[in-house]
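As structure tokens, the structure follows; a few thoughts come after it.
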Amino acid sequence: MRTARIEANLTQAQVAKKLRRHQSYISQMESGQRRLLIEDFYILFRLYNKSPEYFYSVFSK
């Protein structure tokens with residue numbers, strides 16, 4: 001998740017604003033301390049300009 005965010009040239013604060021969440025939520029999600037909600041996933045793959053398959057391949061490693 002962090003790599004996709006960086007490749008999209010976005011900060012955690014910018015992503016948090018788009019998701020209407022706190023920056024700490026993004027940090028916890030990227031570090032695996034928090035589960036990714038499906039509604040956030042839908043926004044993120046569009047925001048990061050990545051396919052859902054991209055994220056599936058990352059999570060299945």
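To convert, note that position 58 of the sequence shown is 58 in full-length UniProt numbering; the numbers rise steadily by one, no gaps. Ideal Cβ placement from N, Cα and C applies to all residues, glycine included. As the structure is a prediction and not an experimental result, all values here were calculated from the model.
Proximity below 8 Å, CB of residue i to CB of residue j
i, j, result
"Gln-12", "Ser-27", "yes"
Supposed close pair residue i, residue j - CB separation, criterion 8 Å
i, j, result
"Ala-8", "Tyr-48", "4 Å"
"Tyr-25", "Arg-34", "7 Å"
"Arg-2", "Glu-39", "Not a contact, Cβ separation roughly 20 Å."
Element boundaries [alpha helix (DSSP H), containing residue i]
i, result
"Met-29", "23 to 31"
"Arg-35", "Premise fails: Arg-35 is in no alpha helix (DSSP H) and is neither H nor E."
"Lys-17", "12 to 19"
"Ala-8", "Where Ala-8 is concerned, there is no enclosing alpha helix (DSSP H), given that its DSSP letter is neither H nor E."
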